[in-house]
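These notes concern the structure reproduced below.
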Amino acid sequence: MIEVENLTKRYGNILAVDQISFRIESGEIVGFLGPNGAGKTTTMRMLTGFIPPTSGRAIVADFDVMEKPLEVKRRIGYLPEHPPIYNDMLVSPYLEFVARLKEIDTPERSREVRRVMDLCGLTEVENRLIGNLSRGFRQRVGLAQALLGDPEILVLDEPTIGLDPRQIVEIRELIKNLRAEHTIILSSHILPEVEMICSRVIIIHEGKIVAEDRTEHLQSTLRKSDRLFVQVGQGGPQALESIRRVPGVISVLPEEKIPGGYRVELEREGQKIREDVARAIVTGGFGLRELKPVGMSLEEVFVRLTTVEGVTPEEGGKAS
Amino acid sequence: MKKIQALLTKELGSYFISPVAYVVIFIFLAVSGFLFFQILYFFNLQSIQWMRSPGLLDRINLNDMVLFPFFHNMVVFFTFLIPVLTMRLLSEEKKLGTGELLFTSPITTTEVVLGKFFSATSVILVMLLFSFVYPLMIIIFGNPDVGPIFTAYLGLFLLGSAAAGLGILTSSLTENQIIAVISAWGILILLLIIGWAAQSVGPTFGAVLQHLSILEHFQNFSKGIIELKDVVYYLSFIFFTLFLTQRVLDSQSWR
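From first to last, the protein sequence lines are chains A and B. Heads up: take any position in the first sequence, counting from 1, add 30, and you land on our numbering. Heads up: take any position in the second sequence, counting from 1, add 11, and you land on our numbering.
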């Protein structure tokens, strides 16, 4: 269980994390989503006790991070943004070393090292120098290190970065399989990934939580409008004009790669507007070829949420 | 304790996997070997001359004429090699981001500092152990008083450990190894020459400066005297530098 209350981090004049609060129950996988510099890493560093918050409180595994840092550190597995690996060590002695730091004693230690190496697919490189490994393997060594000792809470900062597509799938599967007994926070800027792995998403932008919801709800609840894709046979600008005049249509944008294709932004979801659009095209004689509702991907939700101030006036200008 | 040991083993591993320890030990042995040879050669010439005049015969002494000058000359070079050994200990953790592992593991900053410090002192021990071949030759082929040899080695070890403490402190302050080693050298030089100012500042303050000088305290050891104030000086120097390092590390995770 992780509980965060008004957590704030200030670097001089820069407010990296601004009064965020959230709660993560045991067994949940929560994704932190945000552009670079949004405050994801800073938040994670505060949760793991690497840096202290300027103000606010974080309770991780029933211990206050500020008051009982060692207790928290005992229960957390952390993969930082850059895997914390020593280039001059071999893979298995490195994991052995981390296991000793994590207070895993002799009888279990080698078994535990073996377990995480199997889990992360490191057995083939166990006697190689970490410095000579490929990016993907180094990332996996970092992940293996975080899994040592089977900590109840895992904090993973961009766990799939630098991996090839096949490895990404493997690591995602691995994280999904850990779900049952662990509380996992992972950060990412790859949205489908978060959509796939996480049960809940927290979107951070400029140090603030801009949205927080279950992955499947996020798209529908945050959707302020609906969208149609329309393709017409002829008409060009006239067709565009007549669609735009339909009540309830916010904007019409030509699709770049599809001739006669338009993206139609609707005020609200509804059969009625769709009918009206179809009617307008047919009565105009533009030759309706295709009309389909297009759902908004998480990606678009994300862009919309994080660029709200910058874009809205412009869009409004276009629509009117 | 187990975690200090884990860190110690890991650091020793990196010392001897990378060429750092070998290079430092090799250069130390080469330079001190050259010194030893020169001193011994000069001793031979002088003994031959002195043997002709019976009055001077009693003054031929291996301790005074070989070992004392040997330790006396080698100690400065030795002291300046230590920060090279310690420069990467903490700065590299910061630079490579591995500190993020260290400081999110259930290990206290005190344990980190001690682990690093003991790894440096272990390398110093190895270094001194190898250099023992030179006095050993004197012991085998001559008949020196062995007491001063051992006290000199004790002094070297304490002095080296003090320099290691200082080196670890400067290493904790920067992520740049060059800056770490240069600042340690700067402080060491200051501590070496601070005694020179003793004459010019009056008796009371002069005595204080004399006492601060890091090499001053080695003199007694090389003469075969173990004085409490010298031991206390080195131990408190080590304690003070390690304490400051621990504060630095703590403050970095509290800033």
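All C-beta atoms in this analysis are idealised placements derived from N, C-alpha and C, irrespective of residue type, glycine included.
Review point. Sorted by chain position, which residues of the same chain lie with C-beta nearer than 6 Å to B/PHE88's C-beta, five sequence neighbours on each side aside?
Key: VAL42
Point to revise | Residues of its chain near A/ILE50, where Cβ-Cβ distance is below 6 Å and the 5 sequence neighbours each way are ignored | key: LEU37 and ILE239
Practice item. Closer than 6 Å by C-beta to B/GLY235: which residues in its own chain qualify, once you throw out the five before and the five after it? Chain order, please. Key: Closer than 6 Å at Cβ, skipping near neighbours: GLY158, PRO159 and THR162.
Review point. When the Cα of A/PRO277 is compared with those of A/SER164, A/LEU296 and A/VAL90, which residue comes out closest?
Key: A/LEU296
**Study point:** Cross-chain neighbours of A/GLY79 in chain B, by beta carbon under 7 Å
**Key:** THR115
Review point. So A/TYR292 is in the beta strand (DSSP E); what residue range does that whole segment cover?
Key: 291-296
Point to revise | Pairwise C-alpha distance: B/LEU147 and B/ILE204 | key: 32 Å
Review point. Helix, strand or coil: how does DSSP classify A/HIS235 here?
Key: Collapsing the DSSP output to three states places A/HIS235 in a strand.
Check your understanding: Quick one: Cα of A/LEU321 to Cα of A/ILE288, how far?
Key -> 13 Å
Exercise for review: Name, going along the chain, the residues of the segment 110-139 of chain B whose beta-carbon falls closer than 8 Å to a beta-carbon of chain A.
Suggested key: GLY110, GLU111, LEU112, LEU113, PHE114, THR115, SER116, PRO117, ILE118 and THR119
Check your understanding: Under 7 Å Cβ-Cβ, which residues of chain A neighbour B/LYS105?
Key -> In chain order: nothing, as chain A lies at least about 11 Å away.
Check your understanding: So, is the C-beta of A/ASP92 closer than 8 Å to a C-beta in chain B?
Key -> no
Point to revise | Assigned exposure category for A/ILE233 - 16 Cβ within 10 Å defines buried | key: buried
Check your understanding: I think A/SER229 touches A/MET74, with their Cβ atoms under 8 Å apart; what is that distance to the nearest whole Å?
Key -> The pair is not a contact, with the Cβ atoms about 18 Å apart (cut-off 8 Å).
Review point. How about B/LEU96 and B/VAL123: do their beta carbons lie closer than 8 Å?
Key: no
Review point. Just the Cα atoms here: how many angstroms apart are B/GLY220 and B/SER172?
Key: A small fix is needed here, since residue 220 of chain B is Leu in this sequence, not Gly. Distance between the alpha carbons of B/LEU220 and B/SER172 is about 21 Å.
Exercise for review: Say whether chain B places a C-beta atom closer than 8 Å to the C-beta of A/LYS39.
Suggested key: no
Exercise for review: Just the C-alpha distance for B/ARG70 and B/PHE53, rounded to the nearest angstrom, thanks.
Suggested key: 15 Å
Point to revise | Distance between B/MET62 and B/LEU68 (C-alpha atoms, nearest Å) | key: 6 Å
Check your understanding: DSSP puts B/SER102 in a beta bridge; with which residues?
Key -> Beta-bridge pairing links B/SER102 to no other residue.
Exercise for review: Verify whether the separation of the beta carbon atoms of A/PRO99 and A/GLY79 is less than 8 Å.
Suggested key: In contact: A/PRO99 and A/GLY79 (Cβ atoms closer than 8 Å).
Review point. To which residues does DSSP link A/GLU33 through a beta bridge?
Key: Beta bridge pairing from DSSP links A/GLU33 with A/ARG53 and A/ILE89.
Check your understanding: Quick one: any contact between the segment 211-231 of chain B and the segment 243-251 of chain B, if contact means 3 or more CB pairs under 8 Å?
Key -> When Cβ pairs closer than 8 Å are counted between the two stretches, the segment 211-231 of chain B is seen to touch the segment 243-251 of chain B, the count reaching three or more.
**Study point:** Nearest-angstrom Cβ-Cβ length linking B/LEU113 and B/GLU103, presumed shorter than 8 Å
**Key:** The pair is not a contact, with the Cβ atoms about 11 Å apart (cut-off 8 Å).
Practice item. Answer yes or no: do B/GLY166 and B/PHE232 have a C-beta to C-beta separation smaller than 8 Å? Key: yes
Point to revise | Host beta strand (DSSP E) of B/PRO65 (start-end) | key: Neither: B/PRO65 is in no beta strand (DSSP E) and is coded neither H nor E.
Check your understanding: Taking the alpha carbon of B/LEU255 as the point to measure from, which residue in B/PHE128, B/TRP207 and B/ALA32 has its own alpha carbon closest?
Key -> Closest by alpha carbon: B/PHE128.
Point to revise | Near-chain B residues of the segment 169-183 of chain A - C-beta to any C-beta below 8 Å | key: The segment 169-183 of chain A vs chain B, Cβ under 8 Å: GLN175.
**Study point:** Counted within 10 angstroms of its Cβ, other Cβ atoms place A/THR213 as buried (16 or more) or exposed
**Key:** buried
Exercise for review: Figure out for me which residue from B/ILE36, B/PRO65, B/ALA175 and B/LEU46 has the closest Cα to the Cα of B/GLY126.
Suggested key: B/ALA175
Point to revise | Integer-rounded CB distance, given that A/LEU131 should sit under 8 Å from B/LYS240 | key: That pair is no contact at about 39 Å.
**Study point:** Buried versus exposed, by CB contacts within 10 Å (16 or more), B/VAL214
**Key:** A small correction: the amino acid at residue 214 of chain B is Pro; Val does not occupy that position in the sequence shown. By the neighbour-count rule (16 or more Cβ atoms within 10 Å), B/PRO214 is not buried but exposed.
Review point. Which whole-angstrom value is the C-beta distance of A/ILE160 and A/VAL121, which I expect to be below 8 Å?
Key: 6 Å
Exercise for review: Have a look at B/ILE189 and B/SER64 and give me their C-alpha separation to the nearest angstrom.
Suggested key: 54 Å
Check your understanding: So with Cβ pairs under 8 Å, would you call A/ARG209 a contact of chain B?
Key -> The C-beta of A/ARG209 comes no closer than 8 Å to any C-beta of chain B.
Point to revise | chain A within 8 Å of B/ALA17, Cβ atoms only | key: yes
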